[in-house]
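Participant:
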Amino acid sequence: MSLVGEERRATCDVVATAADVAAFAASVGHTGATRLPTTYPIRWLTRPEVVKLVRKLAADRPESLPVHEAQTVEMLGALPLDTALSLVAEVRRTDEVHLTLDVVISHAETPVARLHAVLRLVP
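Numbering (numbering that gives the first Met the number 0), first residue to last: 0 to 122.
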């Protein structure tokens with residue numbers, strides 16, 4: 000059974016702790032940076048809630064690995080540290096070999112970041 004056209008959604012809470020941000024910044028060569036690396040929110044694409052959606056929509060191709068083909072991160076405001084944020088992920092199976100992820104991260108119902116990723120199912 001093909002899963003093309005199927006869509007799933009998940010919501011979870013995330014927090015950007017000062018320690019996590021510092022570790023992420025160091026891992027991408029921003030040691031001593033005074034601002035959050037723009038790419039920081041991509042780390043939340045590995046949240047169990049998001050991974051579960053990807054697995055469900057790739058279930059008809061169990062031999063395949065979802066590989067990032069493209070992604071964008073759009074910061075809409077300051078990402079507050081040590082504060083609960085809401086992550087809403089929508090994953091769609093767009094064709095036989097692609098999934099798209101659209102994620103909105105909000106603080107007090109105000110979006111602070113949007114992520115878009117295209118995954119290719121590689122055998």
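Yeah, the Cβ is synthetic: ideal placement off N, Cα and C, and Gly gets one too.
Looking at the unbroken alpha helix (DSSP H) that takes in residue 53, where does it start and where does it end?
Facilitator: Element bounds for residue 53: 47-56.
Participant: Can you find a CB in chain C that lies within less than 8 Å of the CB of residue 39?
Facilitator: Structure shown: chain C not included; a single protein chain is present.
Participant: So is residue 27 buried or exposed if we call it buried at 16+ other beta carbons inside 10 Å?
Facilitator: Exposed, by the Cβ-count rule.
Participant: By Cβ distance below 8 Å, which residues in the same chain neighbour residue 30 in space, the five residues on each side in sequence not counted?
Facilitator: Result list for residue 30: 24, in chain order.
Participant: If you measure between the beta carbons of residue 117 and residue 68, is that distance less than 8 Å?
Facilitator: Yes, Cβ-Cβ distance for residue 117 and residue 68 is below 8 Å.
Participant: To the nearest angstrom, how far is it from the Cα of residue 49 to the Cα of residue 9?
Facilitator: Approximately 7 Å, taken between the alpha carbons.
Participant: By how many angstroms is the C-alpha of residue 1 removed from the C-alpha of residue 60?
Facilitator: Roughly 9 Å between the two C-alpha positions.
Participant: Would you mind sorting residue 121 into buried or exposed? The rule is 16 or more other CB atoms within 10 Å of its CB.
Facilitator: Exposed, because fewer than 16 other Cβ atoms sit within 10 Å of the Cβ of residue 121.
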